[in-house]
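Asks: Below is the structure I would like to discuss, written out as structure tokens.
Structure below.
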């Protein structure tokens, strides 16, 4: 908008506003006069009642006028019909015999009249209200004069208010004009801003809309929006690609790091952070404060430095501060674009702690099996060699040799049978042959089958059942029976003669069955308790050399319990006995029987 046109519009609006304020000024004056006239009529009527209420025939007009005028803050004149002054509130007494006043004369003719008088000397505006009063046959004319706010002060305030209103209006007009201009130029500025951002490649760009009659500008906006669509498509495609890569790096169980030629970590996935015990936020610090002397990461970076120098792939094993054994593989990376220059090194981290532990367990297991098999085979082989000299040995020695061969053969068969049981348990994971069975009845039957063993040692098997109703377990009944049999057999085997074994059956608060088997046997040292469930482990074999066993019974029982969803716990004190507690979850179909 041109400045001249802007000034013309502001001038026209200001003129209209001044005329409007003048009209408002006059309207306020007129409204004030009408309000005073209305008040005057009411005050005159009230004054008439005051006069009529006076006792006696003689009325003190002067006194009443002074009193009422002081009460109302007005001026009062009273004359009779011949214009003789009866009272004047402005003086102590009415000294003038006749008083001529235009308002009083008008009231005499019209019964009520009003007039406005401006007093330039006192800069005030007076409104006089006159009325003829009939006082029981006597008529008088009363004039009440009201003085309102000094006119000059009122006018000055009104003018100041008008000027301020004009100033505010002018500012609003300028602001509205600027807003209109900004709205007009906003699409252009918006387009310029977006094109500037596009040129500088900052951020994600938004489409813009333009309401303009300029066709070239509209075409420019359309072309820009087309570029935004193409750009968004590329960004979306890249984001999907990066999202897949990030998801792969986040969920892969192999630690991955990329080291640039300056031997700085440029990429590390969460698994590598977990294995090395580092935080990528610290790794990417430029000052390198994340590298602790002697840390696993520092050792890896030392290897990558040598890889950058000789371009040879390296593999090694490291032990982290957390005790993890890691297999580290470092490979050289080359750019996939010509001239295929070296771009850094790829580090792959694999946690082989569990693998190494299992390998160690496997070696120990093989060693234990070999030892357990070698012992009976050595005995058998020795007595076979003895029997080869059949004619040279006595009949009694022959029988003893054959008896020992038979015993060792049975021991060998039992060991192989237990190994086969372990193999079947570990290979039977599908649960296809599970059935519902009554665990309490199984406990009773198992204890009854071992009663002859207890009687042979003059021991008692005591069953304490602390449950009500029928309980059910879903699983392999033969496994549960084997667990109870192994534990009762151990309790009898490692107890002194003429003792007792107590079997307690109850349902715990978690809804599982607990079977506790307590003996009064030799007990287990505290340091051996964590290992009693290991395969081929026997507590103080020298102390138990007279007790047959392979060290597989408790391992088999624990594995069976775990396959049934339960566990076995042990409490024992050396020389006081042991308590094995089997906990198996009960079936939700409880009470079917």
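Numbering (the numbering used here), first residue to last: 9 to 601. Beta carbons are placed, not taken as given, at the ideal position from N, Cα and C, and that holds for glycine. Quantities reported herein were computed from a predicted structural model and do not represent experimental measurements.
#1: Can you tell me where the beta strand (DSSP E) with residue 445 in it begins and where it stops?
#2: Assuming the contact rule is C-beta atoms closer than 8 angstroms, residue 455 and residue 388 should be a hit. Round their C-beta distance to whole Å, please.
#3: Distance check for residue 485 and residue 437, CA to CA, integer angstroms please.
#4: What three-state label does DSSP hand residue 603 in the structure shown?
#5: Please work out which residues of its chain come closer than 8 angstroms, Cβ to Cβ, to residue 329, disregarding the five sequence neighbours upstream and downstream, and give them in chain order.
#6: Helix, strand or coil, according to DSSP, for residue 437 in the structure here?
#7: Measuring CA to CA, which of 88, 265, 85 is closest to residue 282?
#8: Using only the alpha-carbon positions, how far apart do residue 175 and residue 22 sit?
#9: Provide the residue span of the beta strand (DSSP E) that contains residue 96, from first to last.
#10: Using a Cβ-Cβ cutoff of less than 8 angstroms, which residues in the same chain neighbour residue 148 once the five nearest sequence positions on both sides are dropped?
#11: Quick check on DSSP: helix, strand or coil for residue 272?
#12: Determine the DSSP secondary structure at residue 265, reduced to helix, strand or coil.
#13: Please classify residue 63: is it buried, with 16 or more other beta-carbons within 10 angstroms of its beta-carbon, or exposed?
#14: Could you give the DSSP three-state label for residue 278: helix, strand or coil?
#15: Within the continuous beta strand (DSSP E) that includes residue 579, where are the two ends?
#16: Which of the three DSSP states, helix, strand or coil, is assigned to residue 154?
#17: What is the DSSP secondary structure of residue 296, reduced to helix, strand or coil?
#18: Going along the chain, which residues of its own chain have a beta-carbon closer than 6 angstroms to the beta-carbon of residue 337, five neighbours each way excluded?
#19: For my contact list, residue 494 and residue 564 are in at a C-beta cut-off of 8 angstroms; report their separation, rounded to the angstrom.
#20: Can you find at least 3 beta carbon pairs, one from the segment 507 to 521 and one from the segment 451 to 471, that sit closer than 8 angstroms?
#21: CA-CA distance, residue 541 and residue 520?
#22: State the DSSP-derived secondary structure class of residue 286, mapped to helix, strand or coil.
#23: Can you give me the Cβ contacts of residue 344 inside the same chain, cut-off strictly under 7 angstroms, excluding the 5 residues immediately before and after it?
#24: On the three-state DSSP scale, how would you describe residue 530?
#25: What are the residues that DSSP puts in a beta bridge with residue 405?
#26: Less than 8 angstroms between the beta carbons of residue 291 and residue 277, yes or no?
#27: Residue 462 and residue 420 look like a contact to me (Cβ under 8 angstroms); what is the Cβ gap, rounded to whole Å?
#28: Is residue 333 near the ligand SAH, judged by its Cβ being under 7 angstroms from some heavy atom?
#29: Between the C-alpha atoms of residue 243 and residue 200, what's the straight-line distance to the nearest angstrom?
#30: Given a cut-off of 8 angstroms, decide if residue 109 and residue 80 are closer than it, judged by their beta-carbon atoms.
#31: With residue 468 as the anchor, note down where its beta strand (DSSP E) starts and where it stops.
#32: Beta-carbon separation of residue 72 and residue 59 under 8 angstroms?
#33: What residue does the beta strand (DSSP E) around residue 513 start on, and which one ends it?
#34: Name the residue from 36, 67, 154 whose alpha carbon lies nearest to the alpha carbon of residue 47.
#35: My output table needs one value for residue 396: the three-state DSSP class, helix, strand or coil.
#36: Determine contact between the segment 584 to 594 and the segment 529 to 536, defined as no fewer than three beta-carbon pairs at a distance below 8 angstroms.
Replies: In brief:
#1: Position 437 of the chain shown, counted from the first residue, corresponds to residue 445. Segment 443 to 445, the beta strand (DSSP E) holding residue 445.
#2: The count along the chain shown starts at 1 and reaches residue 455 at position 447. The count along the chain shown starts at 1 and reaches residue 388 at position 380. Actually they do not touch by this definition, with Cβ atoms about 35 angstroms apart.
#3: Against the chain shown, residue 437 aligns to sequence position 429. Against the chain shown, residue 485 aligns to sequence position 477. Bear in mind that a pLDDT of 45 at residue 437, under 50, signals an unreliable position, so the model cannot answer this.
#4: With the chain represented from 9 up to 601, any question about residue 603 goes unanswered, as that position is not in the structure.
#5: Sequence index remark: in the chain shown, residue 329 carries index 321 (1-based). Only 285, 303, 304 meet the Cβ criterion.
#6: Taking the chain shown and counting its residues from 1, one reaches residue 437 at position 429. Annotation note: pLDDT 45 at residue 437 (below 50); position unreliable, no value reported.
#7: One-based indexing of the chain shown puts residue 282 at position 274. For residue 282, the nearest C-alpha among the options comes from 265.
#8: One-based indexing of the chain shown puts residue 175 at position 167. One-based indexing of the chain shown puts residue 22 at position 14. Approximately 9 angstroms between the Cα atoms of the pair.
#9: Residue 96 sits at position 88 when you count from the first residue of the chain shown. 93 to 96 is the span of the beta strand (DSSP E), which, as asked, contains residue 96.
#10: As a position in the chain shown, residue 148 is number 140, starting the count at 1. Around residue 148: 69, 86, 87, 88, 89, 94, 140, 141.
#11: Position 264 of the chain shown, counted from the start, is the residue given in the question as residue 272. Coil at residue 272, not helix or strand.
#12: Position 257 of the chain shown, counted from the first residue, corresponds to residue 265. If DSSP states are grouped into helix, strand and coil, residue 265 belongs with the strands.
#13: The residue you call residue 63 lines up with position 55 of the chain shown. So residue 63 ends up on the exposed side.
#14: Residue mapping note: residue 278 aligns to position 270 of the chain shown, counting from 1. In this structure, residue 278 counts as helix in the three-state DSSP scheme.
#15: Indexing the chain shown from 1 puts residue 579 at position 571. Counting along the chain, the beta strand (DSSP E) containing residue 579 begins and ends at 575 to 581.
#16: The residue you call residue 154 lines up with position 146 of the chain shown. Residue state, collapsed to three classes: strand.
#17: Indexing the chain shown from 1 puts residue 296 at position 288. Unreliable positioning characterises residue 296 in this predicted model, as indicated by a pLDDT of 47, which lies under 50. A coordinate reading is not provided.
#18: Residue numbering aside, residue 337 sits at position 329 when the chain shown is read from its first letter. Excluding residues within five positions, the ones whose Cβ falls inside 6 angstroms are 323, 356.
#19: Counting from one through the chain shown, the residue named residue 494 turns up at place 486. Counting from one through the chain shown, the residue named residue 564 turns up at place 556. The Cβ separation is near 7 angstroms, so the contact holds.
#20: yes
#21: Residue numbering aside, residue 541 sits at position 533 when the chain shown is read from its first letter. Residue numbering aside, residue 520 sits at position 512 when the chain shown is read from its first letter. Answer to the nearest angstrom: the Cα atoms are 22 angstroms apart.
#22: For this step, residue 286 is matched to residue 278 along the chain shown. In the structure shown, residue 286 sits in coil (DSSP, three-state: anything other than H, G, I, E or B).
#23: Position 336 of the chain shown holds residue 344. Nothing meets the Cβ criterion.
#24: Taking the chain shown and counting its residues from 1, the one referred to as residue 530 is at position 522. Three-state result, residue 530: coil.
#25: In the chain shown, counting from the first residue as 1, residue 405 sits at position 397. According to DSSP, residue 405 bridges with nothing at all.
#26: Here the question's residue 291 lines up with position 283 in the chain shown. Here the question's residue 277 lines up with position 269 in the chain shown. Cβ distance not < 8 angstroms, so residue 291 and residue 277 don't count as in contact.
#27: For the purposes of this step, residue 462 is taken as residue 454 along the chain shown, with counting starting at 1. For the purposes of this step, residue 420 is taken as residue 412 along the chain shown, with counting starting at 1. The Cβ separation is near 27 angstroms, so there is no contact.
#28: This structure does not include the ligand SAH; it has no bound ligands of any sort.
#29: For this step, residue 243 is matched to residue 235 along the chain shown. For this step, residue 200 is matched to residue 192 along the chain shown. Between residue 243 and residue 200, the C-alpha separation is close to 22 angstroms.
#30: For the purposes of this step, residue 80 is identified with residue 72 of the chain shown, where counting begins at 1. For the purposes of this step, residue 109 is identified with residue 101 of the chain shown, where counting begins at 1. Their beta carbons are not under 8 angstroms apart, which means residue 80 does not touch residue 109 by this criterion.
#31: For the purposes of this step, residue 468 is taken as residue 460 along the chain shown, with counting starting at 1. Looking at the DSSP string, the run of the beta strand (DSSP E) that includes residue 468 is 468 to 473.
#32: For this step, residue 72 is matched to residue 64 along the chain shown. For this step, residue 59 is matched to residue 51 along the chain shown. Yes, they are a contact pair.
#33: The residue labelled residue 513 in the question sits at position 505 within the chain shown. Taken as a continuous stretch (DSSP letters only), the beta strand (DSSP E) holding residue 513 covers 508 to 515.
#34: Indexing the chain shown from 1 puts residue 47 at position 39. Checking every option, the nearest Cα to that of residue 47 belongs to 154.
#35: Here residue 396 refers to the residue found at position 388 of the chain shown. Reduced to three states, the DSSP call for residue 396 is coil.
#36: yes
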